[in-house]
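Numbering (my numbering), first residue to last: 502 to 660.
Step one of this worksheet: look at the structure below.
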């Protein structure tokens, strides 16, 4: 027959659980860590957005909505990439200018109600670059169509 296990150590006996008045076990090298608060304190003037662990300075913005400044940078980058892409290959070069225009328009509609207008030049520049890229796509398309007309570029007397 087997013997039952010994009872757990009582208060003040060696091998007790840390924090309950009994001495800590000698085989545990680290002290007990006190529990932390669920959320850090919210600073004055900031609002806590549900679903985020920290307060948002300067008011709440809905999660998943990019800031207009980020959209401005994205529209400028896509506009810059779209200009050479539209000149080289018009059949896929329209993607970057359209993405630049969409990002700029979304950013400008978000910035319409904001009193801080530092990001408007980025958005306008992205829209201008996207529009320029689309005009170059259209020009490359028309030039490609004109190139299919037989005899359009023939010089008289050159046989």
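Where a beta carbon is used, it is the ideal one built from N, C-alpha and C, also for glycine.
This one's a predicted model, so the numbers in the text were calculated from it and none came from an experiment.
- Looking from the CA of residue 577, the closest CA among 624, 614, 508 belongs to 624.
- It is roughly 24 Å from the alpha-carbon of residue 632 to the alpha-carbon of residue 648.
- Between residue 635 and residue 582, the C-beta gap is not smaller than 9 Å, which leaves the two residues out of contact.
- Inclusion of residue 597 and residue 627 in the CB contact set at 9 Å is not warranted, their separation being larger than that value.
- Pairing residue 575 with residue 601 gives a Cβ-Cβ distance under 9 Å.
- In chain order, 612 place their CB closer than 7 Å to the CB of residue 621, counting only its own chain and leaving out the 5 sequence neighbours on each side.
- Inter-residue distance for residue 618 and residue 650 is about 50 Å (C-alpha atoms, whole angstroms).
- In terms of CA proximity to residue 585, 630 leads the group 609, 653, 630.
- CA-CA distance, residue 638 to residue 590, rounds to 8 Å.
- Note on geometry: alpha-carbon atoms of residue 570 and residue 640 lie some 31 Å from one another.
- Secondary structure note for residue 613: it is in no alpha helix (DSSP H), with a DSSP letter that is neither H nor E.
- The three-state reading of DSSP puts residue 591 in helix, counting H, G and I together.
- Distance check between residue 592 and each of 609, 572, 643 places 643 closest, using alpha-carbon atoms only.
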